[in-house]
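Only one structure is covered here, and it is reproduced in the block below.
There are 2 protein chains.
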Amino acid sequence: MGRLVEVTDVILRDAHQSLMATRMALEDMVPACEYLDKAGYWSLECWGGATYDACIRFLNEDPWERLRTFKKLLPNTRTQMLLRGQNLLGYRHYEDTVVSRFVEKAAENGMDVFRVFDALNDVRNLETALRAVKRTGKHAQGTICYTISPVHTVEKFVTMAQKLVEMGVDSICIKDMAALLKPQPAYDLVKGIKEKCGKDVIVHVHVHSTTGVTLVSLMKAIEAGADIVDTSVSSLSLGPGHNPTESLVEMLEGTGYETRLNLEMIYKARDHFAQIRPRYREFLTDYTGVETEIFASQIPGGMLSNMESQLKQQGQGDRMKEVLEEVPRVRKAAGYPPLVTPSSQIVGTQAVFNVMMGPYKVMTGEFSDLMLGYYGKTDDEKDPQVVAKAKEFAKKEEITCRPADLLKPEWEKLREETLKLEGNNGTDEDVLTYAMFPQVAPKFFKERHKGPVNVGKDPSEPKVTAAVDPGHPGYLAAPIDYEVIINGKKTKVTVAPA
Amino acid sequence: MGRLVEVTDVILRDAHQSLMATRMALEDMVPACEYLDKAGYWSLECWGGATYDACIRFLNEDPWERLRTFKKLLPNTRTQMLLRGQNLLGYRHYEDTVVSRFVEKAAENGMDVFRVFDALNDVRNLETALRAVKRTGKHAQGTICYTISPVHTVEKFVTMAQKLVEMGVDSICIKDMAALLKPQPAYDLVKGIKEKCGKDVIVHVHVHSTTGVTLVSLMKAIEAGADIVDTSVSSLSLGPGHNPTESLVEMLEGTGYETRLNLEMIYKARDHFAQIRPRYREFLTDYTGVETEIFASQIPGGMLSNMESQLKQQGQGDRMKEVLEEVPRVRKAAGYPPLVTPSSQIVGTQAVFNVMMGPYKVMTGEFSDLMLGYYGKTDDEKDPQVVAKAKEFAKKEEITCRPADLLKPEWEKLREETLKLEGNNGTDEDVLTYAMFPQVAPKFFKERHKGPVNVGKDPSEPKVTAAVDPGHPGYLAAPIDYEVIINGKKTKVTVAPA
Chain A
1 MGRLVEVTDV
11 ILRDAHQSLM
21 ATRMALEDMV
31 PACEYLDKAG
41 YWSLECWGGA
51 TYDACIRFLN
61 EDPWERLRTF
71 KKLLPNTRTQ
81 MLLRGQNLLG
91 YRHYEDTVVS
101 RFVEKAAENG
111 MDVFRVFDAL
121 NDVRNLETAL
131 RAVKRTGKHA
141 QGTICYTISP
151 VHTVEKFVTM
161 AQKLVEMGVD
171 SICIKDMAAL
181 LKPQPAYDLV
191 KGIKEKCGKD
201 VIVHVHVHST
211 TGVTLVSLMK
221 AIEAGADIVD
231 TSVSSLSLGP
241 GHNPTESLVE
251 MLEGTGYETR
261 LNLEMIYKAR
271 DHFAQIRPRY
281 REFLTDYTGV
291 ETEIFASQIP
301 GGMLSNMESQ
311 LKQQGQGDRM
321 KEVLEEVPRV
331 RKAAGYPPLV
341 TPSSQIVGTQ
351 AVFNVMMGPY
361 KVMTGEFSDL
371 MLGYYGKTDD
381 EKDPQVVAKA
391 KEFAKKEEIT
401 CRPADLLKPE
411 WEKLREETLK
421 LEGNNGTDED
431 VLTYAMFPQV
441 APKFFKERHK
451 GPVNVGKDPS
461 EPKVTAAVDP
471 GHPGYLAAPI
481 DYEVIINGKK
491 TKVTVAPA
Chain B
499 MGRLVEVTDV
509 ILRDAHQSLM
519 ATRMALEDMV
529 PACEYLDKAG
539 YWSLECWGGA
549 TYDACIRFLN
559 EDPWERLRTF
569 KKLLPNTRTQ
579 MLLRGQNLLG
589 YRHYEDTVVS
599 RFVEKAAENG
609 MDVFRVFDAL
619 NDVRNLETAL
629 RAVKRTGKHA
639 QGTICYTISP
649 VHTVEKFVTM
659 AQKLVEMGVD
669 SICIKDMAAL
679 LKPQPAYDLV
689 KGIKEKCGKD
699 VIVHVHVHST
709 TGVTLVSLMK
719 AIEAGADIVD
729 TSVSSLSLGP
739 GHNPTESLVE
749 MLEGTGYETR
759 LNLEMIYKAR
769 DHFAQIRPRY
779 REFLTDYTGV
789 ETEIFASQIP
799 GGMLSNMESQ
809 LKQQGQGDRM
819 KEVLEEVPRV
829 RKAAGYPPLV
839 TPSSQIVGTQ
849 AVFNVMMGPY
859 KVMTGEFSDL
869 MLGYYGKTDD
879 EKDPQVVAKA
889 KEFAKKEEIT
899 CRPADLLKPE
909 WEKLREETLK
919 LEGNNGTDED
929 VLTYAMFPQV
939 APKFFKERHK
949 GPVNVGKDPS
959 EPKVTAAVDP
969 GHPGYLAAPI
979 DYEVIINGKK
989 TKVTVAPA
């Protein structure tokens, strides 16, 4: 018997978030739950991230009902969620009562493991959420967002892990959302954490597969002592998604490490999602090959395309090279934030502004906030000259406290506002939905009674509208729109008279 | 400085053989050669396998001219080919003179490295070719076809490596065409070879990426001392193809191993092939995810679909499960041949026959030949009862000698026959083309003067033929076949009256 390596499958959350725009309906996951529950996973990530947003925005599905359904269908496996610390699942900092209430309600509705992270790795933004999780008796996982920069050494990350352990987390996650974690750093990082924090500290490694190297990184992390790793059932894996679960299991044969996964069950889940996948073709990511240039540019693909379209809108599409050279300078000025949502957009947009109008001649509100500490603390010192300019632009002072310390109690106000909305059901869960998505919640509450909308399309026969010139049968009188479905992929084709 | 790991890129041969049915035209490779030549590869695999066949069968391209072109365009990098030992690039055993002549001509036309393998791992089938390579002064690489079976231990493969070293090879290739080589066996195998054959014996590892585990296997092989590994430029990689070259380079950072590859040059080649790829959509493999069930079934995907279609043709499509259970028995009876072309087809067809008509009630000629030694020696003893039946069916005796020892000199006859063919150019190269592809060569010689045909299609506008009922404009009178080209992929769509 080798050492046991546990596995978290992200098929119910991050896999479809990464590969099909988070659009998978609950009803398309339900039939696989029995197999997944019997497969022997440590946990199934199934909630949080963008799924909550997608549920109410696109699927007319109550995310809390989704959670309760998973809990019921997965009696033998921990449920797991991703939580953006003080931001919860929304896009601003919430006052502590709201954060605690969210965690309590999630626990009450069936959540077992809370993976809590902050985009800037500012542990102060994790404290309230982690403490709340501990109070519920559920599993509190503190998260390190992995990034590459001149200041992000193994030592720096290990120090963060030590802080998390001091805060009483039940485990530590190394979260590599951009597939930047190479094999050797993976080994060094896990080894470092085990050495400094104690070998009993549970280390959980989350990687995406974008760059093609991270299954090797998982191997190295396991050799260094990683306890749990994240993968995804193969039919929704690879590309910007995750490494295939089946490959991980097979990879370990004979190595002295082994999972307790039942491949027969996983194959059944795989077949289910392979069948479901084509129904979401219109949301599927185009590219499932590898993308390695991010190692040199350190600029994630999504950020790159954002910047390109911003430049083009300004008729300056030819200045991309200058922008690419500006990004590292802006990132340095900002104290090297990891480039993930939202910091990637904030840094990218400022780089575009700098190239178009001169360095910091104009500053976005978000970039000023980042410079002035309103998102939290970055890992390196900020450029004082740029901080000074941010003060001018924003007419705000720099803060060094935890951003949420400046917030006033807001629960009662949120509750009152929610209770005024048509279709609200009077629960704290609805208050939380409104708190996190104030623009989307009103419409969702109103429409909720109509029940879930499945945006997956059934592959069906082609339909054709013939528009011919009556005087000249066989000739086109006007453009014809065809809806052509080939191998389940629907495409609009317009045929116009030549 | 870490230990140098050299890289062979298979982009000019195995990549498009594995992913786009070997259809890439020389003119679509030429623009990338400058980048590839400057990238710092140990070699570029660019000839052999199915490329010779595809050249004359589909592309009206002289394979010898292709080789000379590569030699000219790759002045700084070794050219490399794959050679099926005594079968050359054809489908039968050739007499030694033909084998030697082929090697001489290939060397003369520009080939530097000859990777020589035999489907049964019978080293006697490699001897003539390897000796011929040595005589030309070029690099003779002896190959081990990796497979999994109860008799295929690391020791067995190491013993084969020792035999190859005794035969004077310049290097040893571990060739894993089905992506079965897991990380630990990869480590053990390379380590075993280095220990038993000497650490200076060059070990070259070739893996496909089908099962998703083999980049990890390359890492482990490198840790065990592998000197050269095979990868492919990322825009033609993954799925049944190979691991991306760029990922390999990045993976090694900080590990104490490093390549000498120039990623800038590889990115240029990548962009070129990314641009070319859509033109071959109609030949592109459908599936680029991972396929791990082969580890349990040990039956390659191509063999599976062959057997399925054979069963269906006989109206017995429901008996697949029996056939899958029969395959290991047939393989055992035959002495555990590796399941690669042609042995996979031979074993698979016999398994289908056994299920449909009873064990060995009927035997194919090919299976009899396999049982009687006419392909060479298998790694384990054969079932004597099945051998006895094979004698009955084939009315032939069992042989234990090297199969080619039974062949009579054939060069002069082949030469005479070739010289009678319209369009032959009188060279030994043409004799070899005729020798290996007697059915295809006559047409090719005749048409050669017309020059190469590029079967890649330019993505173009959709064309529509309108077939409407003249009496009822706007209604379909009959089914219409559309050839719809979307993003460069041509698909037939039939629209019938509802």
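Same order as they appear, the protein sequences are chains A and B. For the first sequence, position 50 (counting from the first letter as 1) is numbered 50 according to the working numbering, and the numbering increases by one without interruption. Counting the second sequence from 1 gives a position; the working numbering is that position plus 498. Ideal Cβ placement from N, Cα and C applies to all residues, glycine included.
Cutting at 7 Å between CB atoms, please list the residues of its own chain near residue i, excluding the five before and the five after it.
i       : result
R96(A)  : In the sequence as displayed, the identity of residue 96(A) is Asp instead of Arg. Taken in chain order, the residues that qualify are T128 and A404.
E896(B) : L870, G871, V885 and K889
L236(A) : I11, A15, H16, L19, F273 and R277
R555(B) : V938
Which of helix, strand or coil does DSSP assign to residue i?
i       : result
R124(A) : helix
L476(A) : Because the pLDDT at L476(A) is just 49, under 50, the model does not fix this residue reliably, and the value given afterwards should be weighed accordingly. Residue state, collapsed to three classes: strand.
I294(A) : helix
G94(A)  : According to the sequence provided, residue 94(A) is Tyr. The question's Gly does not apply to it. Residue state, collapsed to three classes: coil.
H704(B) : strand
D9(A)   : strand
T245(A) : helix
P995(B) : Below a pLDDT of 50, predicted positions are generally treated as unreliable, and P995(B), at 43, falls in that range; the measurement from the model is reported next regardless. Coil, per DSSP.
V216(A) : helix
E417(A) : helix
V271(A) : Reading off the sequence, residue 271(A) comes out as Asp, not Val. Three-state DSSP puts D271(A) in a helix.
G696(B) : coil
R501(B) : strand
V431(A) : helix
D318(A) : helix
V453(A) : coil
With a CB to CB cut of under 8 Å and the five nearest residues on each side skipped, what residues in its chain are close to residue i?
i       : result
C197(A) : V158, A161, Q162, V165 and I172
M818(B) : M805, E806 and L809
G754(B) : G500 and R501
From this set, the options, which residue's C-alpha is nearest residue i's C-alpha?
i       : options                               : result
T847(B) : L586(B), L502(B), S807(B) and F943(B) : S807(B)
E264(A) : Y35(A), T22(A), I11(A) and R23(A)     : Y35(A)
L580(B) : G538(B), L517(B) and V508(B)          : V508(B)
A921(B) : R946(B), Q937(B), E927(B) and P907(B) : The identity of residue 921(B) in the sequence shown is Gly, whereas the question assumes Ala. For the residues R946(B), Q937(B), E927(B) and P907(B), the minimum Cα distance to G921(B) belongs to R946(B).
M717(B) : V207(A), D188(A), Q184(A) and G192(A) : Q184(A)
N760(B) : L822(B), F771(B), V747(B) and R900(B) : V747(B)
L215(A) : N243(A), T153(A), E27(A) and P452(A)  : N243(A)
Y434(A) : A221(A), L26(A), D62(A) and E27(A)    : D62(A)
E325(A) : V7(A), N354(A) and G335(A)            : N354(A)
A119(A) : N60(A), V340(A) and F295(A)           : V340(A)
H650(B) : A630(B), P840(B), K636(B) and L678(B) : L678(B)
G49(A)  : T400(A), P342(A), N454(A) and L407(A) : P342(A)
Y873(B) : A832(B), K859(B), Y858(B) and Q883(B) : A832(B)
P882(B) : N923(B), K906(B), V828(B) and G924(B) : V828(B)
T549(A) : Q314(A), P300(A), G239(A) and Y280(A) : Any answer about residue 549(A) is impossible in this case: the structure gives chain A only from 1 up to 498.
K875(B) : T783(B), P836(B) and D698(B)          : P836(B)
N109(A) : R260(A), E65(A), K156(A) and A224(A)  : E65(A)
D686(B) : M675(B), A676(B) and V703(B)          : V703(B)
Considering only heavy atoms of the ligand MN, does any lie closer than 7 Å to the CB of residue i?
i      : result
T77(A) : As far as ligands go, the structure on display features none, and thus does not contain the ligand MN.
Report all residues from its chain with a CB closer than 6 Å to the CB of residue i; omit the five preceding and five following residues, and keep chain order.
i       : result
M527(B) : L510
A552(B) : T520
V503(B) : I720, Y755 and T757
T51(A)  : R13 and T22
Applying a beta-carbon distance threshold of less than 9 Å, which residues of chain D neighbour residue i?
i     : result
T8(A) : Absent from the structure: chain D. Protein chains present are A and B.
- Query: Curious, which full-length alpha helix (DSSP H) runs of at least 4 residues does the segment 594-670 of chain B contain?
  - Reply: 594-607, 622-634 and 652-664
- Query: Which runs of the alpha helix (DSSP H) spanning at least 4 residues fall entirely within the segment 821-902 of chain B, listed in chain order?
  - Reply: 841-855, 863-869 and 882-892
- Which parts of the segment 531-592 of chain B are runs of the alpha helix (DSSP H), unbroken and 4 residues or longer, counting only runs that do not cross its ends? 549-555 and 561-571
- Query: So does the segment 600-619 of chain B actually touch the segment 860-867 of chain B, counting three or more Cβ pairs closer than 8 Å?
  - Reply: no
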